[in-house]
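The first sequence stops at residue 636 when you use the working numbering, and every number in between is there.
Heads up, the beta-carbon is just placed ideally off N, CA and C, and yes, glycines get one too.
A quick note: this is a predicted structure, and the numbers were derived from the prediction, not measured.
Read through the structure below, which is laid out as structure tokens, and then see the notes.
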Amino acid sequence: MNTPYSFDHDAYAAALQERFAYLTDGEESGVTVKVAGRVMLLRTQGKLAFGTLRDSSGEIQLFALSAVAHDFEAFTKLHLGDWVGVEGEVVRTKRGELSVKVGFWQVLAEARQNFGDKWAGISDFDMRYRHREADLWANPETRTSLTRRSQVLQSIRRNLWDQDFMEVETPMLNGIPTGAAARPFVTHHNALGAEFFLRIAPELWLKRLVVGGYERVFEMGRVFRNEGISPRHNPEFTMLELYVAYWDFEDMMTLTEELCAKVALDVLGTTEITYQGREFSFATGWPRRSMAELASEAVGQDVSVHTPRERLVELLNERDVQVHASWGPGRCLSELFEATSEADIWNPMFVTEHPLEISPLARGHRRDPMLTERFEAFATGRELANGFSELNDPDVQRARFEDQARLAAAGDDEAMQIDHDYIKALEWGLPPTAGLGIGIDRLAMLIADAANIREVIAFPTLKPIREA
RNA sequence: GCGCCUCUAGCUCAACGGCAGAGCAAUGGACUCUUAAUCCACAGGUUUCGGGUUCGAAUCCCGAGGGGCGCACCA
169 MNTPYSFDHD
179 AYAAALQERF
189 AYLTDGEESG
199 VTVKVAGRVM
209 LLRTQGKLAF
219 GTLRDSSGEI
229 QLFALSAVAH
239 DFEAFTKLHL
249 GDWVGVEGEV
259 VRTKRGELSV
269 KVGFWQVLAE
279 ARQNFGDKWA
289 GISDFDMRYR
299 HREADLWANP
309 ETRTSLTRRS
319 QVLQSIRRNL
329 WDQDFMEVET
339 PMLNGIPTGA
349 AARPFVTHHN
359 ALGAEFFLRI
369 APELWLKRLV
379 VGGYERVFEM
389 GRVFRNEGIS
399 PRHNPEFTML
409 ELYVAYWDFE
419 DMMTLTEELC
429 AKVALDVLGT
439 TEITYQGREF
449 SFATGWPRRS
459 MAELASEAVG
469 QDVSVHTPRE
479 RLVELLNERD
489 VQVHASWGPG
499 RCLSELFEAT
509 SEADIWNPMF
519 VTEHPLEISP
529 LARGHRRDPM
539 LTERFEAFAT
549 GRELANGFSE
559 LNDPDVQRAR
569 FEDQARLAAA
579 GDDEAMQIDH
589 DYIKALEWGL
599 PPTAGLGIGI
609 DRLAMLIADA
619 ANIREVIAFP
629 TLKPIREA
């Protein structure tokens, strides 16, 4: 089929609906416009035809009269989903529907596949995820969710730029997978003859830029973790990490809650969110509670990182948590918190003062050497953000890495490796610095009211289809 | 990785051991104000795939594949 190389459209459906809202039933505007989009519905009635045109902004009716429209016969034979360009006068039909009265029109591209049931759309998950291009037309909620995600990204960038952050990019191909506790994807560079790991976090690179003198940096990009897929996990996901020189973790908590509030306001116009039928507020002033305090409340007795390990193990066993021999009291306390409190945190809250044992990159707490100046933000029962006063003493960092290496030797395949280059970077001097990581997909889920992470990822990771 | 559920026409779904169906889409036709238009006609299937049980299998059993949910891992 011969189709044009371009179409000089000059109007959008939503703008027309607004601009010509004043037209009364049966009134003609005298204004001619050129619109373009897909024909989503088509109703022919003898020498009349009505089509619903959808473009990126919304919908407007096409009203074709056999006496007026170019090639009326062909118009009535359009397929649902065909792209068309239409020129015509803006009118309101007798029945009150704003329409473009079709004059000249042409097919811009055919739809040879249909877009599913015109009422029920496409509900098959496999089809929706493998062919998002069809899902976007068949299910308007999909378009809303992905648009919201984009608006979240835009809002974050704008807010950070406004606060003098510099956006940077750091390597995704890493010789050592580090900056988080996770199993990596492995790949290979032919010319270098070297094994590389897809990054699991950009953390160490970003802090090296702070050593280099950039006081406020952020990176928002993909990280890769070779772990399970679930409604809240995709193997590749988007992480925001930012670092601010001269700040500590208290300052960073304030930035975190302010950023979330701004994003909610920018995208939804309110900080009051309904997620899966239940309300919560992104207004600032989130409670800040220590992990030990929350765990103590949950188990009904005082526990902390100073509680004898045997006592913590007992409490974990009572809750059917399998305790690994390598876990010290810090890890045990953290597991106890996760088993008892985490899932019940619906309203945004900062959980603070994580054990040093589970925080190899965080700076020791100024009041307790067994703890760190770390926080995690939780909302709707899941972790949203993680941050801390950054460990900047190279000798201490070396010792922490060595602890991690011992864990790895004991069989922990998510323990960090020693990164000598990073230690050397710290030897050039990292000023007091606070860092933050936010799982952007998780945030987008809250903003888009999505139950599944795949609803806010255009093309989620799926099993490749094997040829038979 | 483990467990439970699921897969029927292009899409959304029936049939649940006895002739594989409907709506929408598609195809042909009627209709000068429709709104998921309506009406008439026509067509559409190796019931995901491979085995098995049975006189008879979409349906029961075993295996494979895709998907969903839960657990584990994690953000």
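The residues THR338, in chain order, have a CB closer than 6 Å to that of TRP373 in the same chain once the five nearest residues on each side in sequence are set aside. In the three-state scheme derived from DSSP, where H, G and I count as helix and E and B as strand, GLU595 is classed as helix. Assigned with DSSP and collapsed to three states, LEU410 falls in strand. In this chain, the alpha helix (DSSP H) harbouring PHE505 covers 497 to 508. In the DSSP assignment, ASN402 falls outside any alpha helix (DSSP H), carrying neither H nor E. Bounds of any alpha helix (DSSP H) do not take in PHE283, whose DSSP letter is neither H nor E.
Looking from the CA of LEU321, the closest CA among ASP609, GLY289, ALA288 belongs to ASP609. The beta carbons of PHE450 and PRO516 sit closer together than 8 Å. Note that the region 501 to 514 touches the region 474 to 489; at least 3 beta-carbon pairs, one per stretch, sit closer than 8 Å.
Taking the CA atoms as reference points, ARG300 sits about 13 Å from GLN281. Take ASP434, set aside five residues on each side of it, and the residues of its chain with a beta-carbon closer than 6 Å to its own are SER323, in chain order.
A Cβ-Cβ contact shorter than 8 Å links PHE543 with PHE518. Under the DSSP definition of a beta bridge, ILE397 lacks any partner. A buried status is given to LYS375, since no fewer than 16 other beta-carbon atoms sit within 10 Å of its beta-carbon.
The beta carbon of ALA612 sits closer than 7 Å to the beta carbons of ARG316, ARG317, VAL320, VAL624 from its chain, once the five residues preceding and following it are set aside; these are given in chain order. Note on TYR190: under 16 other CB atoms within 10 angstroms of its CB, so exposed under the neighbour-count rule. Approximately 31 Å separates the beta-carbon atoms of LEU314 and VAL270; this is outside 8 Å, ruling out the contact. For ILE513, the three-state secondary structure derived from DSSP is coil. Contact between the region 546 to 564 and the region 573 to 587 is absent: fewer than three C-beta pairs spanning the two stretches fall below 8 Å. Three or more Cβ pairs closer than 8 Å define a contact, and the region 231 to 248 meets that threshold against the region 200 to 215. Less than 8 Å divides the Cβ of LEU483 from the Cβ of LEU504. In this structure, the alpha-carbon of HIS356 lies about 20 Å from that of GLY347. Listed in chain order, the non-local C-beta contacts of PHE283 below 7 Å within the same chain comprise LEU248, GLY249, ALA302, TRP305, ALA306, local neighbours out to five positions each way being set aside. Note that the C-beta distance between ALA369 and MET420 is not below 8 Å. THR629 carries a coil assignment under DSSP once its states are collapsed to helix, strand and coil. Out of PRO352, THR422, MET340, PHE364, the CA that lies nearest to the CA of GLU387 is found in MET340. Following the DSSP letters along the chain, one finds SER318 inside the alpha helix (DSSP H) bounded by residues 308 to 330.
Positions of the beta strand (DSSP E) runs, each at least 3 residues long and wholly inside the region 218 to 255, are given as 227 to 233 in order along the chain.
The C-alpha of ALA350 is placed about 10 Å away from the C-alpha of ASP580. Counted as a single uninterrupted DSSP element, the alpha helix (DSSP H) harbouring PHE293 occupies residues 293 to 298.
ASN560 sits in coil when the DSSP states are folded into three classes, being neither helix nor strand. The distance from the Cβ of ALA577 to that of LEU559 is about 22 Å, inconsistent with a contact at the 8 Å cut-off.
Shown here for ASP332: same chain residues with a beta carbon closer than 8 Å to its own, the five before and five after excluded, namely ARG384 in chain order. Between THR548 and PHE448, the beta carbon gap of about 7 Å places them in contact (Cβ cut-off 8 Å). Contact between ALA183 and LEU276 is ruled out by a C-beta separation of about 20 Å, above the 8 Å threshold. The C-alpha of PHE392 lies about 10 Å from the C-alpha of PRO345.
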